[in-house]
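Okay, so here's the structure we're looking at.
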Amino acid sequence: MRTTKSLIVGAAVTAFALAFGTTGVARADVSTERPGSILIFPKVVNTTDEDTIIQITNVNNDTRHARCFFVDGALTFDPNTGLPRPSCQESDFSIWLTRLQPTHWQVSVGRRIDPTDNFSSAPGYPSTAGFDPGGIPPVGVGFTGALICAEVDASDKPIAGNSLTGQATVKNINGDVSKYNGITIQGITPMGQDLSLDNVEYNGCPASLNLTTITSGAPDPVVEALSPNTPSTVRNFITLMPCGADLENLVPQTVSLQVAVFNEFEQRISLGGPSVECWARLPLEAIGGGFDFATAGTTFTYGTITPQGPNAANGILGVADSVATDSLGNSGSAADNLHVAGNTDTTNLPVVTGSPAVIRLSVP
Amino acid sequence: MRTRKGYRSLGTLALLGAAAVLLAATGVARAQVGSDLAAGILVFPKIAVDTVGRLTGGIPVDTVVEIANTDPTEIRSLHCFWVNANSYCNGDVDIANLCDPNSDNPVLNCRETGRRCLPAWRVTDFFVAATANQPIGFRVGQVPQSALPCLPGNTNGCAGNDGSINPVEDPFIGELKCVEVNDLTNVVPVNRNDFTGTARIYRVTPGSVDVRQYNAIGIQSIADPNAGPNDATTLCLGTDTNGASPVCSAGAEYASCPSTLVVNHFFEGAAPFGDGATVNTTLTLVPCTERIEDTTGVNSVTGQQVTNAQLAIVNEFEQRFSSATRVDCYKSMRLSDLDTRPGTTDDGSSIFSVGVEGSLTGQTRVRGVPGQSPYHGLLGLAEESYSNGFSAAFNVNYDGVRPAGAGDVITVP
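Top to bottom, those sequences are chains A and B. Taking the numbering used here, I'd label the letters of the first sequence as residues 7 to 370. Taking the numbering used here, I'd label the letters of the second sequence as residues 255 to 667.
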């Protein structure tokens, strides 16, 4: 028979479990600033024109371990259809970071385990001095894709340590740099190699992404005003990838998008959108014609990108970048983390139906 | 003596208490400070205008601000404040006395004339309304500002395009803060989170274009949007239990500021890509607590709480260093100047120098102290400038939130 004491204890335990458990759920979030248990860099490139430096930092006071996966989004020809599609090939490695340790590597070079490497700023020899987090392979020339890191314990079991933050710096052949924050997904109660973004194991993907930008093809307001080299123009690009990924079976995930674009006159200029399989970097106007100046008619546009259809639950993540160019071809680029709105537990936005996105890690 | 029924009541009370904690925690936890979220307060930590390059070595500088109303159905309004952090020799506000406290050039820092370069915090405000899903963008250095766009004859809500952008003086260095309000007539802060923002800072010469971009930091309102307006003049970012602000003792209106800013950066003078281009990082810190109630533009930020920012630096060898700096109304300087004299002369001895640290990257954790007292929250932005003339900006990371009772207060007119 249940005693009075046990009733009270049970109630108290339930109370605390309810309070703290649910608080944990509510705190979980996709973020570009808060540390998380999954860290995603949507745009990682090593081409003849561009290279990328990845910075990852452990904000925890304990040593942390993560499994990381390069996902190659470069197009290859599908042998079955003869059509180009992303290979979605993954290559993975592990990193260990001591308490509060930052680390970095240039993706074209990787990082060897070499306790004797020293500090060098000599041209062609980027420094890798510091505790090596583990052997990090380089990616080949032509790599255009993403990097996904998941925090795990010593036995490679995913954990909700929420210890990782990071930045990616992309430098082009002209020496121009752009930088964005890695996207973190906070862990709650991971249960295995399938990382469910369901607000139970990890936070859900955003219900939509949005961005405000200088319209593609529009004259740049500052270059027009301050430079003698006019007319100028702005070009925008967006890198998109589904939240879900099958890194075990290399099955590319696909998500269909609805893109709504608004100009400064409050006119909705376009409504449509592409499907993204695995990874894509596109001119912004390619996902929504309203982002084109000739169509929008105003210097600034605002757009929302919302997963739709039966694969909407795969979710979408991304990063944008823009290039302002004067009439002589001098240009400057900048990267922009996209804004996010809601996720599957948000009440004031349409709830994404269907199974939640899953990042399936390969068996270690 | 407590009866069995009483024990049952105790259990029920515990459950009810848990539910209350749950609701409170959920409500608080949902509101966050973040640069990727629509919010009720937007903070642009750095706005820079110097169209003739008076303080920037002759290189023209300007900023484009972009704001969007993410509400798909309604007109939403903002009350915005330019926080002018320009400095002047001996604080004499006159364009002839303009100076740069971060310079070691005796002309630019007033020492040539035996004076000190002192900031003169001034605030001016403006109002804008945006129709549903409307983007607004403007070049900050444009004088006068253009009217907000509206199609001639448009009757589809365009009348909501009230307000106008108040231009800034040129040069201008400082901050832009915007608070969502109910309308442009009553101007009362509301429990809504409808706005996002982005800023692009340019340096343009006849032979180059450089642009860097960051997202405005959003401070989300906590309460139910239907719960009515917030306090008209006191915006409570978290709770304040020291009694100085009775409104904020009663409860939070907005999310608390982060307890720690985390800046992942290259050390000063590093050549990250190994191509000879070296990098320096400028850190901009703005206080979460700010008295911007006087918008006359005449030394109007008074009684500003000074915050000691404690800096803990960890390099790739897990070696830890520390330093500190003071933040009153605005601070924007290169990392290597945080612990050495302004300018480049002694950068090599800074703890942020790559030569001192011996590794390429570091994590710097910035914390306002005392951490348990209200009014010491900070927000920040990082910018990297390369020796080849290009630059990049990024929002700094956060770790934790200010504890209950150690909130911040923004006072508006």
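Where a beta carbon is used, it is the ideal one built from N, C-alpha and C, also for glycine. Please read all numbers here as calculations on a predicted model, not as lab measurements.
Rounding to the nearest angstrom, what Cα-Cα distance links residue i and residue j in this structure?
i                         : j                            : result
proline 370 of chain A    : alanine 135 of chain A       : 28 Å
valine 540 of chain B     : aspartate 348 of chain B     : 24 Å
aspartate 358 of chain B  : valine 533 of chain B        : 19 Å
leucine 633 of chain B    : proline 299 of chain B       : 8 Å
asparagine 466 of chain B : serine 645 of chain B        : The residue you asked about is not asparagine; residue 466 of chain B is arginine in the sequence shown. Using only the alpha carbons, I get a separation of about 6 Å.
threonine 310 of chain A  : serine 627 of chain B        : 40 Å
glycine 250 of chain A    : phenylalanine 76 of chain A  : 14 Å
alanine 341 of chain A    : threonine 150 of chain A     : 16 Å
threonine 327 of chain B  : alanine 384 of chain B       : 11 Å
leucine 334 of chain A    : arginine 241 of chain A      : 15 Å
leucine 153 of chain A    : glutamate 547 of chain B     : 46 Å
glycine 528 of chain B    : glycine 42 of chain A        : 30 Å
asparagine 651 of chain B : glycine 295 of chain A       : 34 Å
arginine 393 of chain B   : alanine 322 of chain B       : 15 Å
leucine 217 of chain A    : arginine 574 of chain B      : 38 Å
aspartate 354 of chain B  : asparagine 363 of chain B    : 5 Å
leucine 246 of chain A    : proline 212 of chain A       : 13 Å
valine 568 of chain B     : aspartate 448 of chain B     : 37 Å
proline 211 of chain B    : phenylalanine 299 of chain A : Here chain B covers residues 255 to 667 and nothing more, so residue 211 of chain B does not appear.
proline 237 of chain A    : phenylalanine 297 of chain A : 19 Å
Bridge partners of residue i, per DSSP?
i                         : result
isoleucine 142 of chain A : A:Arg117
glutamine 112 of chain A  : A:Ile59 and A:Gly116
glutamate 328 of chain B  : Its beta-bridge partners do not exist; DSSP assigns none.
proline 389 of chain B    : B:Ala322
isoleucine 476 of chain B : Isoleucine 476 of chain B is not bridged to any residue.
asparagine 518 of chain B : B:Gln617
proline 221 of chain B    : Only positions 255 to 667 of chain B appear in this structure, which leaves residue 221 of chain B out of reach.
methionine 587 of chain B : B:Leu537
glutamine 564 of chain B  : B:Ala578 and B:Arg621
Let's see if you can read the secondary structure: which residues bound the alpha helix (DSSP H) around residue i?
i                            : result
glutamate 572 of chain B     : From DSSP, glutamate 572 of chain B is part of no alpha helix (DSSP H); its letter is neither H nor E.
proline 234 of chain A       : Here proline 234 of chain A belongs to no alpha helix (DSSP H), and DSSP marks it neither H nor E.
valine 655 of chain B        : Taken as a continuous stretch (DSSP letters only), valine 655 of chain B belongs to no alpha helix (DSSP H), being part of the beta strand (DSSP E) at 651 to 655.
glutamate 291 of chain A     : 290 to 293
phenylalanine 527 of chain B : Where phenylalanine 527 of chain B is concerned, there is no enclosing alpha helix (DSSP H), given that its DSSP letter is neither H nor E.
glycine 609 of chain B       : 608 to 611
phenylalanine 297 of chain A : Run containing phenylalanine 297 of chain A: none; DSSP gives neither H nor E here.
aspartate 485 of chain B     : Unbroken run through aspartate 485 of chain B: none, as it is neither H nor E.
serine 262 of chain A        : From DSSP, serine 262 of chain A is part of no alpha helix (DSSP H) but of the beta strand (DSSP E) over 260 to 269.
Name the two residues that bound the continuous beta strand (DSSP E) containing residue i.
i                         : result
valine 325 of chain A     : 323 to 331
leucine 277 of chain A    : 274 to 278
isoleucine 313 of chain B : Taken as a continuous stretch (DSSP letters only), isoleucine 313 of chain B belongs to no beta strand (DSSP E), as it is neither H nor E.
serine 1 of chain A       : No answer is possible for residue 1 of chain A: it lies beyond the span of chain A, which begins at 7 and ends at 370.
aspartate 342 of chain A  : 337 to 343
proline 212 of chain A    : 212 to 220
serine 503 of chain B     : Note, serine 503 of chain B: premise wrong, no beta strand (DSSP E); alpha helix (DSSP H) at 500 to 504.
cysteine 249 of chain A   : That residue, cysteine 249 of chain A, is in no beta strand (DSSP E); it is neither H nor E in DSSP.
glutamate 283 of chain A  : 281 to 283
aspartate 98 of chain A   : 95 to 103
alanine 302 of chain B    : 295 to 303
leucine 45 of chain A     : 44 to 52
**Message:** Within 8 Å, do at least three Cβ pairs link the region 254 to 265 of chain A to the region 326 to 340 of chain A?
**Reply:** No, the region 326 to 340 of chain A is not in contact with the region 254 to 265 of chain A.
**Message:** At a CB distance below 9 Å, what residues from the region 531 to 545 of chain B approach chain A? Give them in sequence order.
**Reply:** Of all residues in the region 531 to 545 of chain B, only Ala531, Thr532 and Val533 come within less than 9 Å of chain A when Cβ atoms are compared, listed by chain position.
**Request:** Decide if the region 289 to 298 of chain B is in contact with the region 361 to 376 of chain B; the criterion is three or more beta carbon pairs, one per stretch, under 8 Å apart.
**Result:** By the Cβ rule, the region 289 to 298 of chain B does not count as touching the region 361 to 376 of chain B, because fewer than three pairs are nearer than 8 Å.
**Message:** Could you check whether the region 306 to 322 of chain A touches the region 179 to 189 of chain A, counting it as contact only if at least three pairs of C-beta atoms, one from each stretch, sit closer than 8 Å?
**Reply:** The region 306 to 322 of chain A, when compared against the region 179 to 189 of chain A, does not touch it at the 8 Å Cβ threshold.
**Prompt:** Does the count of Cβ pairs from the region 428 to 447 of chain B and the region 304 to 317 of chain A closer than 8 Å reach three?
**Reply:** Note that the region 428 to 447 of chain B does not touch the region 304 to 317 of chain A; fewer than 3 beta-carbon pairs, one per stretch, sit closer than 8 Å.
**Item:** At least 3 beta-carbon pairs within less than 8 Å: the region 618 to 625 of chain B vs the region 451 to 465 of chain B
**Value:** Counting C-beta pairs with one atom in each stretch, the region 618 to 625 of chain B and the region 451 to 465 of chain B have fewer than three that are closer than 8 Å, which means they do not touch.
**Message:** Please identify, using Cβ separations under 9 Å, the residues of the region 284 to 300 of chain B that lie next to chain A, in order along the chain.
**Reply:** Listed in chain order, the positions of the region 284 to 300 of chain B with a beta carbon within less than 9 Å of a beta carbon of chain A are Arg284, Gln286, Val287, Gly288, Ser289, Asp290, Leu291 and Ala292.
**Near-chain B residues of the region 102 to 113 of chain A (beta-carbon distance less than 8 Å), N- to C-terminal order** = Within the region 102 to 113 of chain A, Thr104, Arg105, Leu106, Gln107, Pro108, Thr109, His110 and Gln112 place their CB atoms closer than 8 Å to a CB of chain B, listed in sequence order.
**Inter-stretch contact at 8 Å, needing at least 3 Cβ pairs: the region 166 to 175 of chain A / the region 139 to 151 of chain A** = Short answer: they don't touch.
**Message:** Can you confirm whether the region 227 to 238 of chain A touches the region 459 to 473 of chain B when touching is taken to mean that 3 or more C-beta pairs between the two stretches lie within less than 8 Å?
**Reply:** Segment contact: the region 459 to 473 of chain B against the region 227 to 238 of chain A, three or more CB-CB distances shorter than 8 Å; contact assigned.
**Prompt:** For the region 331 to 347 of chain B against the region 372 to 385 of chain B, are there 3 or more C-beta pairs whose distance is under 8 Å?
**Reply:** The region 331 to 347 of chain B vs the region 372 to 385 of chain B: in contact.
**Message:** Please identify, using Cβ separations under 7 Å, the residues of the region 193 to 217 of chain A that lie next to chain B, in order along the chain.
**Reply:** Taking 7 Å as the Cβ-Cβ cut-off against chain B, the residues of the region 193 to 217 of chain A that qualify are Asn216.
**Request:** With 7 Å as the C-beta to C-beta threshold (strictly closer), list the residues of the region 428 to 459 of chain B near chain A in chain order.
**Result:** Result list: Thr450, Thr452, Arg454, Tyr456 and Val458.
**Item:** Residues of the region 60 to 81 of chain A with Cβ closer than 7 Å to any Cβ of chain B, in chain order
**Value:** Close to chain B, meaning a Cβ-Cβ distance shorter than 7 Å, are the following residues of the region 60 to 81 of chain A: Gln61, Thr63 and Val65.
**Request:** Could you tell me whether the region 487 to 502 of chain B touches the region 595 to 606 of chain B, where touching means 3 or more Cβ pairs closer than 8 Å?
**Result:** Per the Cβ contact rule, the region 487 to 502 of chain B is not in contact with the region 595 to 606 of chain B (fewer than 3 Cβ pairs under 8 Å).
**Item:** Interfacial residues, the region 306 to 326 of chain A to chain B, with Cβ spacing under 7 Å
**Value:** Within the region 306 to 326 of chain A, the qualifying residues are Phe306, Thr307 and Tyr308.
**Prompt:** Given 8 Å as the limit, is there contact between the region 104 to 121 of chain A and the region 78 to 90 of chain A, that is, 3 or more CB pairs closer than that?
**Reply:** Result no; under three Cβ-Cβ pairs closer than 8 Å.
**Item:** Cβ-based contacts, 8 Å cut-off: residues of the region 240 to 258 of chain A near chain B
**Value:** Close to chain B, meaning a Cβ-Cβ distance shorter than 8 Å, is no residue of the region 240 to 258 of chain A at all.
**Asked** For the region 42 to 55 of chain A, which residues have a CB atom closer than 8 Å to at least one CB atom of chain B, in sequence order?
**Response** Cβ contacts with chain B: none found.
**Asked** Going along the chain, which residues of the region 594 to 608 of chain B sit with their C-beta nearer than 8 Å to a C-beta in chain A?
**Response** Listed in sequence order: Val608.
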